[in-house]
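Novice:
Protein chains: 2
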Amino acid sequence: MYGRYTQDLGTFAKDEAARLRLQEGDTPQPRHPSELLEYTQGRCGLCRVCALQCQRFLISKVGEDWVFLILLGLVMALVSWAMDFAIATCLQAQKWMYGGLDTNVLLQYMAWVTYPTVLITFSAGFTQILAPQAVGSGIPEMKTILRGVVLKEYLTLKTFVAKVIGLTCALGSGMPLGKEGPFVHIASMCAALLSRFLSLFGGFYENEARNIEMLAAACAVGVGCCFAAPIGGVLFSIEVTSTFFAVRNYWRGFFAATFSAFIFRVLAVWNKDEETITALFKTRFRLDFPFDLQELPAFAVIGIASGFGGALFVYLNRKIVQFMRRQKAINRFLMKKRLLFPALVTLIISTLTFPPGFGQFMAGQLTQKDTLVTLFDNQTWAKQGINDEFEYLGILEAWLHPRSNVFVTLVVFILMKFWMSALATTIPVPCGAFMPVFVIGAAFGRLVGESMAAWFPDGIHTDSNIYRIVPGGYAVVGAAALSGAVTHTVSTAVIVFELTGQISHILPVMIAVILANAVAQSLQPSLYDSIIRIKKLPYLPELGWGHHEKYNVRVEDIMVRDIHYVTLNCKYRDLQQVLHSTKMKNLPLVESAESMILLGSIERAQVGALLNTQLSPQRRLLALRQKVMPEDGHRLSDSSIRFQISTETSSGTPARAALRKPLKPALKRVPSSPADSPPAGSTDHTGIALKSLFCANAATEPTEVRACVRRKGGPLLALVGRLYPLACPMAPPQILEWEEQQLDQLVDFSSAKIDPAPFQLVEHTSLHKTHTIFSLLGLDHAFVTSIGRLVGMVSLKELRKAIEGSLTGKGVKVRPPLASFRDSTASTSEADTTALHQLWDRHQHHHMPREAGPGGDEDDDTPK
Amino acid sequence: MYGRYTQDLGTFAKDEAARLRLQEGDTPQPRHPSELLEYTQGRCGLCRVCALQCQRFLISKVGEDWVFLILLGLVMALVSWAMDFAIATCLQAQKWMYGGLDTNVLLQYMAWVTYPTVLITFSAGFTQILAPQAVGSGIPEMKTILRGVVLKEYLTLKTFVAKVIGLTCALGSGMPLGKEGPFVHIASMCAALLSRFLSLFGGFYENEARNIEMLAAACAVGVGCCFAAPIGGVLFSIEVTSTFFAVRNYWRGFFAATFSAFIFRVLAVWNKDEETITALFKTRFRLDFPFDLQELPAFAVIGIASGFGGALFVYLNRKIVQFMRRQKAINRFLMKKRLLFPALVTLIISTLTFPPGFGQFMAGQLTQKDTLVTLFDNQTWAKQGINDEFEYLGILEAWLHPRSNVFVTLVVFILMKFWMSALATTIPVPCGAFMPVFVIGAAFGRLVGESMAAWFPDGIHTDSNIYRIVPGGYAVVGAAALSGAVTHTVSTAVIVFELTGQISHILPVMIAVILANAVAQSLQPSLYDSIIRIKKLPYLPELGWGHHEKYNVRVEDIMVRDIHYVTLNCKYRDLQQVLHSTKMKNLPLVESAESMILLGSIERAQVGALLNTQLSPQRRLLALRQKVMPEDGHRLSDSSIRFQISTETSSGTPARAALRKPLKPALKRVPSSPADSPPAGSTDHTGIALKSLFCANAATEPTEVRACVRRKGGPLLALVGRLYPLACPMAPPQILEWEEQQLDQLVDFSSAKIDPAPFQLVEHTSLHKTHTIFSLLGLDHAFVTSIGRLVGMVSLKELRKAIEGSLTGKGVKVRPPLASFRDSTASTSEADTTALHQLWDRHQHHHMPREAGPGGDEDDDTPK
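Chain order of the listed sequences is A and B. Quick note on the UniProt record's numbering: the first sequence kicks off at 1 and runs consecutively. Quick note on the UniProt record's numbering: the second sequence kicks off at 1 and runs consecutively.
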């Protein structure tokens, strides 16, 4: 990413904008008043003029950020509202079916179970067929994409459609699934699609950096319009997706999320669901005395318990996934019938929640939304039997069981929902885990609150006024704490304030969330990081809290030392050798093998192109022509040949063409082994892959495949010889001979594109600093140099291994046993001095009379 | 910053912690229960054991982040509470004095005016004498410090004391001054002092990166405990002080700010000020229908107007400062009587607010806190004359004037307070502008709200229920919008929610704040950036909102091309030359003047040390001894001399010593000209400064000063010769000769500390990318290379100039007229190819028979 000067499309955007403004300027502006006057007779005409003006104005503004953000917010609000509407309708239908069949319990059960099973199965099947990338939360993928890794297939229209429809069905089934994560993904896809759509009006949206910024804003929009929580949305998306956040881009998120949340709630008002814009789960706790100081230990207990619970949830979720993968017998059976697993899980869960069955002990008939509304309720349930203060019970009734008490119901609910949610979120449908966890947390908080209310019936405060304990407040605290623990975020606190519309419990919520985070972060990774690990996405893990020992690993401990490089004075044969022996995407270019001074890095594809050009049939034909008719008047000088070749190369290599279309989707799956996905075929595939690599820009000349294939030996050559009949007058042995000659020439790098400033680290750079630099600049590799000399390379892979501490494989050793006892100052300066000494000595050699045998780099100096 | 591998003290911290844990382990842990049983007879003994255990445990935990953060939070909460108490007492005293003298208006006036004048004058004088750095807000300085620039004097105990006492007096005077900015500064100083104090227990706190992280957390604590707003505090501090924020450090801010806010509010409960923990300015707006959808345009109007108002405030503030500086006559007079300006301003402002005088039209008798409480009031003032719903009036009465109406009072208040606040914040006392602006915004919002209430007496909503308009809500919106506009932050929205304890107005607040920010950011810099510019602090300004044209300036347009460098094969004379001709802190080290391959960078101090070592009297004496007694048995070989020198150099250079003490305060003032503050004297000062630079580690040998002085010519030499009598047997002419000889030797870099990976940019790196990299990595300079060859340098200064667009001075040209029309692709590849061609050709030369004259770098190869 760094140092490779991608062409700044801002220029183009600006020119385009200027052009459009000029066009706008061409329309006779001074005449507007008279024009308007002419049209005032017909209102329709006036409207038309206005519309025209608006249109022109809008098109000229299309390149501006705020237009994009408003459009994004608007679209996402509409999507969110429509989906909510569809989900509510689905749930209503189930309730209606279940209610209509109340004469026969068996029929009721069938209806209760079949409906979600069908929906989930449809959702799983639909997603599987249309776009398997739509499965799951999407936040892990967004985190990876915002890290700079391109997962193109994740941001396409197909995935968008699959995710929206799949999610609607999944949530409509009433399973304990969430919509937050998928919404982040949906909003990001929406942003990507919108930017592609808007780029039809001009090239404003082709700047990669800007697209990343917009995706970050889109994540905020996703959370914002899902919960109508703009501030919490921005903060949550930052915490969940970013490592380093540019404060410069802060406003984008706020702007878009606020607009989106506004439209989302306005739609609810227009639909007469609400009288005015209010919170989604509005609470009505008393304002004057929200909680007593002495209740704080109870809130702290909620926080700590939530921390353990959150870690357990992540652990359970991961174990279920791993179990399903490991059990080959089950796995094979399920893989054959891909839809069986979702159906089975749905069947189990819906059977258990069947209200006349076990569901009566766990408020099974309530939807997720109703559950939350009841849990955040203002009243104290424990006294419900005794007091008759309540005028209405309504949906609260679900929590009351005639032969049991509310504590039992809550405990059963928490326990059952816990494993159900952990299980349900592994179903291959688009779904998140935030909302189920949030509900469990609320139930746990309510449980603690009810216990406190039962313990202190008249409140703890012993002054004149009696302030009873508000269990609803505990529910809010619990919800924030558990969801914070699972996602490792603090901003769930802000989300609950915005969700409930009350901020009076700020201190208990903050204390509980921080404690929950502290506990959970020391036990398990966050749910999203856990999924990243399971899916093996190319992501750099975070350094742990104050793990000082990490600081003492240095780049020299983790770097790969035996790297392949290209020297400035190498021969084409060496290029071939390097291409054959390494899969690295970027090859370092050094001055010479002796000096090893790093001059830049060259892309693998460029090296391939160089080699290909050198052995191209055009050059062969030219050589032949020169040999055959040296007396020809049209003798082509060597330089003109080179010129011809270089222009050809610079215009047609596939690498370049790919570079120019940053967001163009390509049907490419995520590489299962991260960080080393070869850009265009690897050497493991035989000649064919190599051909596509080397011969892409001269596919009309089939014989040239030999240049690539000849290394593979005779049989393949013969095969090729049969496949491609001879098209040039050279016989195969001649060609081989000519190619051998060509390979012995020195490489002409003048036509290759070289990145003159690849990122460089020093041997002694600490792991901590390396991690910071990699995260900050979104690097995927860096060369390690010592006073200009290349000594090694570190890629994302090595870094990840070093951080995760699981080090196996080639040449990577981490943390030598004595690392922590190493006297860093001494070794640092010593090694430095040594390296410098060498360089200095090398230079001294030049000034001394040459007595000893020729030094390393003197080979270059001897004239040939 | 980057690439210079500062010794990681994490290692040391870890070892220390391990040691302490081992010590703890030494105490017989299994015996604890019996020990405890033994002591249970005497409770005192038990306590002692517990205390001992606690003490041991705490000491072993001292190195952990959370202990530091808790201590910081605790200390800051206590400071905040104590200051609030003192300020309240001061204000109470003024009120008491004013109230007690109600028999005589003149006496009343005298008391009303004298009291604040004395306090402000004392504050200004005290601050001026003790630590002038304590003046003003402190946020601009913190922004600069967090950017990586060391402003040491700003974080000392003296400044802390000056700021705390100065601020208490300033706020106790009742002037329209704020405490938020100073609190950020106080918290940061507190963190710096605390880390220095805790480092007495071990070396945990000497890691520079960690200190920066802790300072960022401290900023959050400052805001958090000032407003009891942990979330808003964290966000505000991020927005105001950071450019790129590491999400990794998020929890630090939240943890410390929450703890601090908690303690701060608990202290209020213990002091019986409050019954329980609630918001600082609690509002009681109705929950069920906070506002109507149709009121949103009014909120938007508040936002836009606040945007203009905020920009005007920043403009006014800056103009006042500039006016005061420019008017030399006034300036000279005021400089002489430094305390006259504060006294004068206080006199004017307090005269105008005198309640029986003009103050009666602007609620002059209310303190800032009372003003806010009344403005956020639940009731509608406009109807106050008509309705008699009100039971109490209390402090609200101040807003009602018998012969005027509340609109007039509000308008007068806003207008007067506006210029008063802008003027008052220029007084040289510790003070911020947030709170005054916040109050003005609240008044403006209240004005709009009251107007709306008068316009729609029964609310806008036309359904069955009548929901009246709540002007208090408008006041909240106005406060957030204006303070957001002045500071360019969105998080003021969160701060008002936490301050008022209600979040029901979230959408209006967000809309208004975003609109205000949009307007203000397009008109003026933020108040803090404005102060940074006025004070000329070395800070990198932000790139504007979507200023695409900035993207098209490249490093080659702004870099300094004629830089001075050190070559690997240079002579000491060249070093001297370079030191004489440039003030750069870091000199590039290149391979040779012809190849210009950048090998690293060397600090100026190191170059000085090298030169000094070469010309040191020790070496001269050695040389003399060798010359005098060549037959001596103790003949010292050249290598042993060098060895001796190099050990000496590496242990005693001032640069190294300074590096090891990152937070050690030094009595150094802020450099008035930014970015090029010389590290240890500049060449402008004659021999003496040079002496201190070069001869620091051999001060016992006075004659060596000649080595530095001889360039200055004869008179100085003669002077020195008189000052320092001869201490070595060489005569001055001999010394000169010897030194000339020495200067002609090649430099031995083996003892110098070289940064082997200084940050490198490419010529074509865009300004946008350069800015990002500089901000991210906290660089203050970067070398520009072209395929390993040094071609220029960019420092913070050039970058700042390029961004601000005001380009004057040596060799810096920005944005050539045709920059925007330049075809970037073509020129890029062309220039690249050219550069590479040269390098390639250079190498080709070696392989060709030498026909032409010797090439550039062949000078090195010819044996001497």
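We put the beta carbon where it would ideally sit given N, CA and C, even for glycine. All figures in this text were calculated on a predicted structure; none of them were measured in a lab.
When you measure from the CB of Thr243/A to every non-hydrogen atom of the ligand SAH, does any distance come out below 8 Å?
Specialist: Because no ligand of any kind appears in the structure shown, any question about the ligand SAH cannot be addressed here.
Novice: For a quick check, are the C-beta atoms of Phe323/A and Leu69/A less than 9 Å apart?
Specialist: Contact: no.
Novice: When the cut-off is 9 Å and only beta carbons count, does Glu38/B lie next to chain A?
Specialist: Any answer about Glu38/B is weak, because its pLDDT of 46 lies below 50 and its placement is not dependable; what the coordinates show is given next. No, no contact with chain A.
Novice: Could you have a look at Asp755/A and say whether DSSP puts it in helix, strand or coil?
Specialist: It is a strand residue.
Novice: Cα separation between Phe413/A and Tyr315/B?
Specialist: For Phe413/A and Tyr315/B, the distance between alpha carbons rounds to 60 Å.
Novice: Counting only C-beta atoms, is Trp66/A closer than 9 Å to chain B at any point?
Specialist: Chain B contact via Cβ: present.
Novice: With a threshold of 6 Å on Cβ separation, who are the neighbours of Pro290/A within its own chain once the five nearest residues in sequence on each side are excluded?
Specialist: Result list for Pro290/A: Ser504, His505, in chain order.
Novice: For Glu498/A, decide whether its Cβ has a neighbour in chain B, counting only Cβ atoms nearer than 9 Å.
Specialist: True, the Cβ-Cβ gap to chain B drops below 9 Å.
Novice: Would Val555/A and Val406/A qualify as a contact pair, given that the criterion is a beta-carbon distance under 9 Å?
Specialist: Not a contact, by the Cβ cut-off of 9 Å.
Novice: Under a CB-based cut-off of 9 Å, is Leu719/B close to chain A?
Specialist: Here the model assigns Leu719/B a pLDDT of 43, short of 50, so the residue's position is not dependable and the matter cannot be decided.
Novice: Got a sec: which bits of the stretch 563-594 of chain A sit with their beta carbon under 9 Å from any beta carbon on chain B, in order along the chain?
Specialist: Correct list: Leu568, Asn569, Leu589, Glu591, Ser592.
Novice: Which residues does DSSP list as the beta-bridge partners of Phe783/B?
Specialist: Phe783/B is bridged to Gln760/B, Met793/B.
Novice: Does the separation of the CB atoms of Val269/B and Thr276/B fall below 9 Å?
Specialist: Their beta carbons are under 9 Å apart, which means Val269/B touches Thr276/B by this criterion.
Novice: Would Lys272/A be called buried (16 or more neighbouring beta carbons within 10 Å of its own) or exposed?
Specialist: Exposed, since its Cβ has fewer than 16 Cβ neighbours within 10 Å.
Novice: If Cys225/B and Ser260/B are in contact, beta carbons under 8 Å, what's the gap, nearest whole angstrom?
Specialist: Between Ser260/B and Cys225/B the Cβ distance is about 4 Å, and since that is below 8 Å, they are a contact.
Novice: Can you name, in chain order, every residue of its own chain whose Cβ lies under 6 Å from the Cβ of Phe438/A, other than the five neighbours on each side?
Specialist: Around Phe438/A: Ala479, Ser483.
Novice: Since Ile304/B and Leu515/B are thought to touch, with beta carbons under 8 Å apart, how far apart are those beta carbons, to the nearest angstrom?
Specialist: Confirmed, Cβ separation roughly 5 Å.
Novice: Could you name the residues of chain B that Asp292/A contacts, counting a contact when the two beta carbons are closer than 8 Å?
Specialist: Residues of chain B passing the Cβ test: Thr276.
Novice: Output needed in chain order: residues of the stretch 247-260 of chain B with a Cβ under 7 Å from some Cβ in chain A.
Specialist: Residues passing the 7 Å Cβ filter: Val247, Arg248, Tyr250, Trp251, Phe254, Phe255, Thr258.
Novice: From this set, Arg210/A, Tyr572/A, Asp744/A, which residue's C-alpha is nearest Ala609/A's C-alpha?
Specialist: Considering only alpha carbons, the answer is Tyr572/A.
Novice: Quick one: is Trp427/A near chain B, going by C-beta distance under 9 Å?
Specialist: The sequence given here places Ile at residue 427/A; Trp does not occur at that position. Not one chain B Cβ lies under 9 Å of Ile427/A.
Novice: How would you list, in chain order, the residues of chain A whose beta-carbon sits under 8 Å from the beta-carbon of Thr243/B?
Specialist: The contacting residues are Ala246, Val247, Arg248.
Novice: Go through its chain and collect everything with a Cβ distance to Ile87/A's Cβ below 7 Å, but skip five positions before and after it.
Specialist: Contacts found: Thr168, Leu171, Gly172.
Novice: If you drop the 5 nearest sequence neighbours on each side, which residues of the same chain put their C-beta closer than 6 Å to that of His564/B?
Specialist: The residues are Val578, Ser581, Thr582.
Novice: List, from N- to C-terminal side, the beta strand (DSSP E) runs of 3 residues or more that fit wholly inside the stretch 562-606 of chain A.
Specialist: 586-590, 598-603, all fully within the stretch 562-606 of chain A.
Novice: Ignore the nearest five residues each way along the sequence and tell me which others in Leu746/A's own chain have a CB closer than 7 Å to its CB.
Specialist: Closer than 7 Å at Cβ, skipping near neighbours: Asn569, Lys571.
Novice: Please tell me whether Ile534/A and Val321/A are closer than 9 Å, where the distance is taken between their beta carbons.
Specialist: Yes, the pair counts as a contact, with Cβ atoms nearer than the cut-off.
Novice: May I ask you to report which of helix, strand or coil DSSP gives Thr700/A?
Specialist: With a pLDDT of only 38 at Thr700/A, under the threshold of 50, the placement of this residue in the model should not be trusted, and no figure is reported.
Novice: In the structure shown, what three-state DSSP assignment does Val135/B receive?
Specialist: The answer is coil: DSSP assigns Val135/B none of H, G, I, E or B.
Novice: Alpha carbon to alpha carbon, how far is Thr243/A from Gly222/A?
Specialist: Near 19 Å, if we compare the C-alpha coordinates of Gly222/A and Thr243/A.
Novice: Are the CB atoms of Ile511/B and Leu296/B within a distance shorter than 9 Å?
Specialist: Yes, they are a contact pair.
Novice: Could you tell me whether the stretch 602-617 of chain B touches the stretch 731-749 of chain B, using the rule of 3 or more Cβ pairs below 8 Å?
Specialist: As far as the Cβ criterion goes, the stretch 602-617 of chain B touches the stretch 731-749 of chain B, which means the pair count is three or higher.
Novice: Taking 9 Å as the threshold (C-beta atoms), are Arg252/A and Asp65/A in contact?
Specialist: In contact: Asp65/A and Arg252/A (Cβ atoms closer than 9 Å).
Novice: Within its chain, find whatever has a CB closer than 8 Å to the CB of Leu575/A; leave out the 5 residues flanking it on each side and keep chain order.
Specialist: Correct list, in chain order: Val566, Val607, Leu610, Leu611, Val747.
Novice: Output, in chain order, the set of chain A residues within a Cβ distance shorter than 7 Å of Gln502/B.
Specialist: Going along chain A in sequence order, the residues near Gln502/B (Cβ under 7 Å) are Ile503.
Novice: Three-state secondary structure (DSSP) at Ser404/A?
Specialist: Coil.
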